[in-house]
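> For reference, the structure I am asking about is given below.
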Amino acid sequence: MNYKDLADLIFPNIKDISYYEEKYPRRNLPEGAIVTRVAPSPTGFVHIGSLYQGLIARKIASQTKGVFFLRIEDTDQKREIENGTTEIINGFKQFDVIPDEGMTSETEEVGKYGPYKQSLRKDIYQSYAKYLIEQGKAYPCFCTPEELEEMRTKQEEAKIRPGYYGVWAKCRKLSVEEMIEKIKAGEKYIIRFKSPGREDRKIKHHDVIKGNVDFPENDQDIVIIKADGLPTYHFAHAVDDHLMGTTHVIRGDEWLSSVPLHLQLFQELGFKAPKYAHISPIMKNDNGNKRKLSKRKDPEAAVSYYAEEGIPANAVKEYLLNIANSNFENWRRANKDASIDSFELQLNKMSVSGALFDMIKLLDVSKNVIAKYTAEQVYEEAYKWAEKYDMELADMLKDKEYSLKVLGIERGNVKPRRDIAKWSDVKENIVYMYPEKFDKNTEEYELQTISNVEEAKQILSTYIQYYKEEDDKDTWFNKIKDVAEKYGYAREVKEYKQNPDAYKGHVGDVSTLIRIALTKRTNTPDMYEIMKVLGKEEVEKRISKLCNLCEKED
RNA sequence: GGCCCGUUGGUCAAGCGGUUAAGACAUCGCCCUUUCACGGCGGAGACAUGGGUUCGAUUCCCGUACGGGUCACCA
775 MNYKDLADLI FPNIKDISYY EEKYPRRNLP EGAIVTRVAP SPTGFVHIGS
825 LYQGLIARKI ASQTKGVFFL RIEDTDQKRE IENGTTEIIN GFKQFDVIPD
875 EGMTSETEEV GKYGPYKQSL RKDIYQSYAK YLIEQGKAYP CFCTPEELEE
925 MRTKQEEAKI RPGYYGVWAK CRKLSVEEMI EKIKAGEKYI IRFKSPGRED
975 RKIKHHDVIK GNVDFPENDQ DIVIIKADGL PTYHFAHAVD DHLMGTTHVI
1025 RGDEWLSSVP LHLQLFQELG FKAPKYAHIS PIMKNDNGNK RKLSKRKDPE
1075 AAVSYYAEEG IPANAVKEYL LNIANSNFEN WRRANKDASI DSFELQLNKM
1125 SVSGALFDMI KLLDVSKNVI AKYTAEQVYE EAYKWAEKYD MELADMLKDK
1175 EYSLKVLGIE RGNVKPRRDI AKWSDVKENI VYMYPEKFDK NTEEYELQTI
1225 SNVEEAKQIL STYIQYYKEE DDKDTWFNKI KDVAEKYGYA REVKEYKQNP
1275 DAYKGHVGDV STLIRIALTK RTNTPDMYEI MKVLGKEEVE KRISKLCNLC
1325 EKED
């Protein structure tokens, strides 16, 4: 009786690993090409951290003419949710993070290194597990969860390191005969890795992001094949990333402390280990404590949140890139219109510690992104958003020709407005441009400086006589100045400031009055453009309406 | 608790033994301007802490404090 017999008993009728080694040859890629992946579990919505990882992995692969693939890690069937894979694919797609290989739907995939869904690779893992058993590098363990639990409490009481190692690794010491006997007797078991490591020895590891890190060797005999026959993360990682040719494992830094184990696994399996790049998580300040963005507590942890709020995917990406490489901002300033694809991301420039998520900064980035959009783009995206989340806005935008004019105010020039950070801001910004909405607005408003209603009325009715729709901007503004002068307001603000006592106020006061009559707002974009878009009839209507209102109040 | 990692203004961060310690967001003031936004100028604001090493430490070493990660038949 030897390891081979044991292996055959546990995994009869299973292919030899040479089959898989041949089936998945090494990738033929240009020098320096990096193969990356994103490997989420289909357990619910896509986390902003996964997107962050995916975005970085995608960019690094693209930059080096490598490959980026999506692998679904569904080895924990208890946590799996329905359509989890679809959700992941769509989540990434929204941000244009498109894998070269991997799952494309719940059941379909592209690429030659599949299946890209771990539950479909069961045979592959078992083949490699068998290989380890044959070599005496893995063994069946018959300990029950209860026994393990008991062991753990003992260890904790004795204040020693918990785990399945050394003298605690009971089943490791079983002879092959005993193992075979137990299996034949129908005892339940799982497969453990026989760790060659010693805790008192150190290993040196260079992480692409974290730099040099020293660890004690791993000496835990971790489970590699679970009771359901599926592998644990560690084992699947080693097998998959070897077979799929991953050169750089970019993942969250919660994995950093598993590196000794992973390196050992690669070593014992006879694989070349990939490079590791452990990304710091995106954090949130929670009452003075830093913690990871949490699925449960933080809505902004879900990538779907941004679509719901109407924050453009590009803005989120730019913000994430900002966190990833802080020189991105400088690059962006120097390359205002360049695609982010031409920014060269560098892994080793990534922060070693986790950044706090800053919504205000994101919104600022988003304002810049939207400011560069054409009216047409703003229209399309805002409309798409509105159809889903704000029917009232969608309704307003139905008149495309008019809406384009509204959205085009002060847009596309050298100093575009920066007043929209997200599509949910749009309505508030433009409602008053829509007559039916404007008419229904019964909000109270102040007349500001010119608070004498009688005077306001006179100024407005004078202005309306002067106003000609076809006036160019200078003429238009001169007329406002004329009205101002007529009623004792300075034509120029400067004149007023030099001699405040000589005037009741200045042009600004008059234009503010007109602005209020037209929009019920004190702050709006350029009024000349607003009036052009509203049209003569509407302008006259609004102004005379305010006059009537004044009369009523008198 | 053991083992890892980290700590530069409110936030994101440059910095690699000698700097007036960049920049961005936020904030404040001024200018520009018919309002707002844009733009311009300026202000306030930081090297966690104690020891070393050194002619000199934000930079190197050790301790302390604080923060984060990890110790599953979850990933």
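Our numbering puts the first residue of the first sequence at 775, with every later residue one more than the last. Yeah, the Cβ is synthetic: ideal placement off N, Cα and C, and Gly gets one too.
So, do the stretch 820-834 and the stretch 779-797 have three or more beta carbon pairs nearer to each other than 8 angstroms?
The stretch 820-834, when compared against the stretch 779-797, does not touch it at the 8 angstroms Cβ threshold.
> Kindly give me the distance between the Cβ atoms of residue 1024 and residue 807, rounded to whole angstroms, as I take these residues to be in contact under 8 angstroms.
To locate residue 1024, count along the first sequence from 1; it is residue 250. To locate residue 807, count along the first sequence from 1; it is residue 33. In fact, because the Cβ distance is near 15 angstroms, the residues do not count as touching under 8 angstroms.
> Residue 914 and residue 996 - do their beta-carbons sit closer together than 9 angstroms?
The sequence position of residue 996 within the first sequence is 222, counting from 1. The sequence position of residue 914 within the first sequence is 140, counting from 1. No, these two residues do not count as a Cβ contact at 9 angstroms.
> Excluding the 5 residues preceding and the 5 following residue 901 in the sequence, name in chain order all residues of the same chain whose CB lies nearer than 8 angstroms to its CB.
Reading the first sequence from its first residue, position 127 is the one you call residue 901. Answer for residue 901: 785, 788, 789, 790, 791, 793, 794, listed in chain order.
> Can you pull the DSSP bridge partners for residue 966?
Locating residue 966 in the first sequence gives position 192, where the first residue counts as 1. Residue 966 is bridged to 913, 997.
> Quick one: using the 10 Å Cβ neighbour count with 16 as the cut-off for buried, is residue 1320 buried or exposed?
Against the first sequence, residue 1320 aligns to sequence position 546. So residue 1320 counts as buried.
> Identify every residue that forms a DSSP beta bridge with residue 1241.
Start at 1 with the first residue of the first sequence, and residue 1241 comes out as number 467. Paired residues: none, contrary to the question.
> Determine, using beta carbons only, whether residue 1100 and residue 1064 come nearer to each other than 9 angstroms.
Mapped onto the first sequence, residue 1100 falls at position 326. Mapped onto the first sequence, residue 1064 falls at position 290. It is not a contact, given that the beta carbons lie outside the stated cut-off.
> Evaluate contact between the stretch 1260-1272 and the stretch 1293-1305, counting only Cβ atoms and requiring at least three cross-stretch pairs below 8 angstroms.
In short, these stretches do not touch, since the Cβ pair count stays below three.
> DSSP on residue 846, reduced to helix/strand/coil?
Counting from 1 along the first sequence, the entry for residue 846 is found at position 72. In this structure, residue 846 counts as strand in the three-state DSSP scheme.
> Could you give the distance in angstroms between the alpha-carbon of residue 1158 and the alpha-carbon of residue 1198?
Within the first sequence, residue 1158 is the residue found at index 384, counting from 1. Within the first sequence, residue 1198 is the residue found at index 424, counting from 1. Approximately 11 angstroms, taken between the alpha carbons.
> In chain order, what residues of the same chain have a beta carbon less than 7 angstroms from the beta carbon of residue 925, not counting five sequence neighbours either side?
As a first step, residue 925 must be located in the first sequence, where it is residue number 151. If we look at residue 925 and ignore the five residues flanking it on each side, its Cβ neighbours are 942.
> Tell me the residue span of the beta strand (DSSP E) that contains residue 1022.
Taking the first residue of the first sequence as 1, we reach residue 1022 at position 248. Start and end: 1022-1026.
> For a test of the three-state rule: what should DSSP assign to residue 891, helix, strand or coil?
Sequence index remark: in the first sequence, residue 891 carries index 117 (1-based). Of the three classes helix, strand and coil, the one that applies to residue 891 here is strand, per DSSP.
> Can you list, in chain order, the residues of its chain with a C-beta nearer than 6 angstroms to that of residue 1052? Leave out the 5 residues immediately preceding and following it.
The count along the first sequence starts at 1 and reaches residue 1052 at position 278. Contacts found: 981, 983, 984, 1027, 1030.
> Please report the straight-line C-alpha distance between residue 1153 and residue 1204, rounded to a whole angstrom.
To locate residue 1153, count along the first sequence from 1; it is residue 379. To locate residue 1204, count along the first sequence from 1; it is residue 430. Each residue's Cα considered, the two are about 12 angstroms apart.
> Which two residues bound the contiguous beta strand (DSSP E) that contains residue 990?
Taking the first residue of the first sequence as 1, we reach residue 990 at position 216. Here the beta strand (DSSP E) through residue 990 covers 985-990.
> Check the C-beta distance from residue 849 over to residue 1010 and give it rounded, since I have them as a contact under 8 angstroms.
Counted from its first residue, the first sequence places residue 849 at position 75. Counted from its first residue, the first sequence places residue 1010 at position 236. Right, the Cβ-Cβ distance comes to about 6 angstroms (below 8 angstroms), so this counts as a contact.
> Which residue from 1163, 1148, 1085 puts its Cα closest to that of residue 1134?
In the first sequence, the residue the question calls residue 1134 occupies position 360. Measuring from the Cα of residue 1134, the nearest candidate turns out to be 1085.
> What are the boundary residues of the alpha helix (DSSP H) that residue 856 is part of?
Translated into the one-based positions of the first sequence, residue 856 becomes position 82. Neither: residue 856 is in no alpha helix (DSSP H) and is coded neither H nor E.
> Considering only residues of the same chain and omitting the five flanking positions on each side of residue 1318, which have a CB-CB separation below 7 angstroms?
Residue numbering aside, residue 1318 sits at position 544 when the first sequence is read from its first letter. Cβ neighbours of residue 1318 beyond the five flanking positions: 1238.
> Could you check where the alpha helix (DSSP H) with residue 960 kicks off and where it finishes?
For this step, residue 960 is matched to residue 186 along the first sequence. It is not in any alpha helix (DSSP H) - residue 960 carries neither H nor E in the DSSP assignment.
> So residue 1253 and residue 1240 are in contact, right, with Cβ under 8 angstroms, and what is the actual spacing, rounded?
Along the first sequence, one-based indexing puts residue 1253 at 479. Along the first sequence, one-based indexing puts residue 1240 at 466. Between residue 1240 and residue 1253 the Cβ distance is about 4 angstroms, and since that is below 8 angstroms, they are a contact.
> For residue 879, count neighbouring Cβ atoms within 10 angstroms of its own Cβ and tell me buried if that reaches 16, exposed if not.
Along the first sequence, read from residue 1 onward, the residue named residue 879 stands at position 105. That one is exposed.
> Which residues in the same chain as residue 1255 place their Cβ atom closer than 7 angstroms to its Cβ, once the five residues preceding and following it in sequence are excluded?
Taking the first sequence and counting its residues from 1, the one referred to as residue 1255 is at position 481. 1265, 1281, listed in sequence order.
> Roughly how many angstroms separate the alpha carbons of residue 1097 and residue 1129, rounded to a whole number?
Here residue 1097 corresponds to residue number 323 of the first sequence, with the count starting at 1. Here residue 1129 corresponds to residue number 355 of the first sequence, with the count starting at 1. If you take the alpha carbons of residue 1097 and residue 1129, they lie about 7 angstroms apart.
> Quick check: the Cα distance between residue 779 and residue 893, rounded to an integer number of angstroms?
In the first sequence, the residue the question calls residue 779 occupies position 5. In the first sequence, the residue the question calls residue 893 occupies position 119. Roughly 27 angstroms separates the two Cα atoms.
> Nearest-angstrom Cα distance between residue 1311 and residue 857?
Position 537 of the first sequence, counted from the first residue, corresponds to residue 1311. Position 83 of the first sequence, counted from the first residue, corresponds to residue 857. C-alpha separation (whole angstroms): 54 angstroms.
> Alpha carbon to alpha carbon, what distance is there between residue 1039 and residue 957?
Working through the first sequence from its first residue, we reach residue 957 at position 183. Working through the first sequence from its first residue, we reach residue 1039 at position 265. If I take the Cα positions, the gap works out to 25 angstroms.
> With DSSP as the reference, identify every bridge partner of residue 882, one or two as the case may be.
Residue 882 sits at position 108 when you count from the first residue of the first sequence. Answer by DSSP bridge pairing: none, since residue 882 is not bridged.
> Look at the alpha carbon of residue 939 and the alpha carbon of residue 993, and state the distance between them as a whole number of angstroms.
Numbered from 1 along the first sequence, position 165 holds the residue referred to as residue 939. Numbered from 1 along the first sequence, position 219 holds the residue referred to as residue 993. When rounded, the distance between both Cα atoms is 6 angstroms.
> Leaving out the 5 sequence neighbours to the left and right, which residues in its chain are closer than 7 angstroms to residue 1058 when beta-carbon positions are compared?
Within the first sequence, numbered from 1, the residue matching residue 1058 stands at position 284. Excluding positions up to five away in sequence, the list reads 1065, 1067, 1072, 1130, 1131.
> What are the residues that DSSP puts in a beta bridge with residue 977?
Residue mapping note: residue 977 aligns to position 203 of the first sequence, counting from 1. Beta-bridge pairing links residue 977 to 989.
> Taking DSSP's pairing of strands, which residues face residue 1065 in a bridge?
On the first sequence, residue 1065 is found 291 positions in, with the first residue counted as 1. For residue 1065, which the question treats as bridged, DSSP gives the partners 1058.
> Whole angstroms is fine: what's the gap from residue 1121's alpha carbon to residue 1249's?
The residue given as residue 1121 occupies position 347 in the first sequence. The residue given as residue 1249 occupies position 475 in the first sequence. Cα to Cα, the separation comes out at about 57 angstroms.
> From residue 903 to residue 1070, what distance separates their C-alpha atoms?
One-based indexing of the first sequence puts residue 903 at position 129. One-based indexing of the first sequence puts residue 1070 at position 296. Distance between the alpha carbons of residue 903 and residue 1070: 36 angstroms.
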